[in-house]
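Numbering (our numbering), first residue to last: 3 to 489. In this text, a Cβ means the ideal position worked out from N, Cα and C, and glycines have one as well. Notes follow once the structure below has been shown.
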Amino acid sequence: MERREGSIFPIEEALEMILMFDRGGKLTYVNAAARQKLGYESDLCGRHISHVFPNSFRVVEDGFETECSMGNELQNLVAYRRNLTCFPVEARIVQDDTDSGMYICMANDILEKEFLNREIDRIKQEAKQAMKVKSEFVANVTHELRTPVNGVLGNVRELLDRKMDEETEKSLRIVERCCDDMNKIINNILDFSKLEAGKFTLEPRKFHFRNMLDYVKANHINKMTEKGLGFFVTVSPQIPEYVIGDELRIVQILNNLLSNAQKFTPWGKITLEAVRTAQVGDRIELFFIVADTGIGIDEGDRDKLFQSFSQVDASISRKYGGTGLGLNICKQLAELMGGQIEVESEKNKGSTFSFSIWVGACEGEEAVLQQPDDVKGASVVMASMIPSADAGGENPENIRTYGTPENRELLGKNLSKLILSVEMENWEKAEMFMETVRQLTEEAPREVKRAALRLKMAIQKENYEKVTAEFEELNHFLQSEGEVQHE
Ligand code: ADP
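This is the structure we're talking about:
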């Protein structure tokens, strides 16, 4: 099996030196790396292997003699160049198992490998140092910025307590708002650099879930009302009163999504919904949905949304401001909390951002499974369509327990009525039946619950095509689990 040096062979371009020799010890092929490192051009083939490894191979009458082991074992040899200088290599010599009597030697220059390892370490250290310098710089600059901003803010608030004419008050309010915006940007940059440097730690502790949502609602209700937007907050009764998680960071994600929703919605409504989607031991998965009826996002732009410093286009930043960091921070925070964030949107119809997180459930704090409880002061309460024990003689527990014949029957009835309402474009009624469907699927497997949630979102957006598609999807899940009887 004679091969010419430099022939086209898959191993020709390998970084490793590859030398092939026959039973007689005659080199039949050497790749480019071997030729280059050993200082030959095209005259290495035909020589004896002992030319390259004189300490390990000797010429004998019928070929060669060696103490080298043949197999996968790595061994240290000394390779000699054409000019008789030498260098240590780490080599593996194997015998071709096709009975051709060929040997293949694969060797790496140890010094070069060590040099490369040292280089990699050096570059890693430099990158780490650069990251540290950057993080410290960002921390210092943002701190330096925060101090004067807070100085201005404090003084403006003091001035606002005094009596003044309307014009001056208006100007001071603008200064106050600008300082608040500046603080938000500073905090975002600080969070972003900490997350990027892997220095961000969550601080989970026990907190009252519904109070947290009240707080979030209070943060936004004024701006929404000022803009004439409807703002609806609902929380599933299956979420316990108290959970263990990083409240501050959950609030941060919700605030960001709600601020965006408010910013990009000229009219219509914004809804925030919190549901429990899974439980494993004492950990529960919470799912939040923030939906708006705003300007929406083009399909092509959706991928960019969660990247840092990304806004849909330059005109957005001019018109609405912002740094494009908010959603990237939300994504990283949701992932730190074991979840993920997603967006669905349609241009000029609205956007729905949803994210999941895992929190600890506090023992004995399970909320009672009742009617959906709306957050205090929220503008929507859905009436439960599930019959009570004294109405119709049904056992409500059986009805609520997912998968029981009673539950399936009622589910089927409500789904039929729901789709009928949609066909008649009676969206309010469809929402009512949807609420019952949601309650009836509250204990359903995760995929069914998610399908129900998507259907609900589509109904809220009054999107006929999406509703029918999601309806089919939900139906498909229900049918594959057992028959749901439609009327
Ligand atoms: P910013 O701080 O600039 O708002 P974000 O990361 O929060 O940064 O948002 C990035 C971009 O995503 C926004 O500039 C906007 O183009 C788009 N976006 C976010 N939320 C919505 C929404 N609810 N409706 C339409 N576009 C949105």
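Taking DSSP's pairing of strands, which residues face R60 in a bridge? E67
Is it buried or exposed for S44, if we count other Cβ within 10 angstroms and need 16 for buried? exposed
Check whether the region 246-261 and the region 422-433 touch, using three or more Cβ-Cβ pairs below 8 angstroms as the test. no
Does the beta-carbon of I343, which I'm using as the reference point, lie nearer than 8 angstroms to any heavy atom of the ligand ADP? no
Coarse secondary structure for V424, derived from DSSP in three states: helix
For S482, is the classification buried or exposed, using 16 other Cβ atoms within 10 angstroms of its Cβ as the cut-off for buried? exposed
Could you check whether the Cβ of N221 sits closer than 8 angstroms to any heavy atom belonging to the ligand ADP? no
Determine the burial state of Q127: buried for a count of at least 16 other Cβ atoms within 10 Å of its Cβ, exposed for fewer. exposed
In this structure, how does DSSP classify K349 when only helix, strand and coil are distinguished? coil
According to DSSP, is W269 part of a helix, a strand, or is it coil? coil
CB of T144 to nearest heavy atom of the ligand ADP: below 8 angstroms? no
Tell me whether F355 counts as near the ligand ADP, meaning its Cβ is closer than 8 angstroms to at least one heavy atom of that ligand. yes
Between which residues of its own chain and F59 is the CB-CB distance below 6 angstroms, once the five residues before and five after are set aside? I51, S52, F66, T68
Any heavy atom of the ligand ADP inside 8 angstroms of the beta-carbon of A336? no
Assuming E18 and A109 make a contact with CB atoms under 8 angstroms, what is their CB distance in whole Å? 7 angstroms
Taking only the alpha-carbon atoms, compute the straight-line gap between R5 and F23 and give it to the nearest angstrom. Only weak support exists for where R5 lies, its pLDDT of 49 falling under 50; the coordinates are left without a value.
Every unbroken beta strand (DSSP E) inside the region 70-157 [3 residues or more]: 77-82, 88-97, 105-111
For the beta strand (DSSP E) holding E287, just list the boundary residues, first then last. 285-294
If I measure Cβ to Cβ from A16 and keep anything under 7 angstroms in the same chain, skipping five residues before and after, which residues do I get? N33, A35
Supposed close pair I106, I191 - CB separation, criterion 8 angstroms: Contact flag wrong, Cβ pair sits at about 56 angstroms.
Closer than 8 angstroms: T87 CB and nearest the ligand ADP heavy atom: no
Is the Cβ-Cβ distance between L501 and I401 less than 9 angstroms? This structure cannot settle anything about residue 501, because the visible part of the chain is limited to 3 through 489.
Work out the CA separation of Y217 and R179 for me, nearest whole Å. 20 angstroms
Decide if the region 263-272 is in contact with the region 296-312; the criterion is three or more beta carbon pairs, one per stretch, under 8 angstroms apart. yes
Exposed unless 16 or more other CB atoms sit within 10 angstroms - verdict on R212: buried
Is any non-hydrogen atom of the ligand ADP found closer than 8 angstroms to the C-beta of L192, if you look at the structure I gave you? no
Decide if D183 is buried, meaning its Cβ has at least 16 other Cβ atoms within 10 Å, or exposed. exposed
Just checking my contact of T273 with F234 at CB under 8 angstroms: how many whole Å lie between their CB atoms? 4 angstroms
Note down the Cα distance separating A393 from G156, rounded to an integer number of angstroms. The pLDDT assigned to A393 is 40, lower than 50, so where the model puts this residue is not dependable, and the model offers no usable value.
Can you list, in chain order, the residues of its chain with a C-beta nearer than 7 angstroms to that of R25? Leave out the 5 residues immediately preceding and following it. G65, G103
Distance check for L476 and T470, CA to CA, integer angstroms please. 10 angstroms
Return yes when the C-beta of S347 is under 8 angstroms from any heavy atom of the ligand ZN, and no when it is not. Of the ligands one can find in the structure shown, namely the ligand ADP, none is the ligand ZN.
By DSSP, does A471 sit in helix, in strand, or in coil? helix
Would you mind giving the Cβ-Cβ distance between I331 and L197, rounded to the nearest angstrom? I have them listed as a contact below 8 angstroms. 7 angstroms
Going by DSSP in three states, G328 sits in which element: helix, strand or coil? helix
Near N409, which residues of its chain fall below 8 angstroms by C-beta distance, leaving aside the five closest residues on each side in sequence? N400, I401, R402, T403, L442
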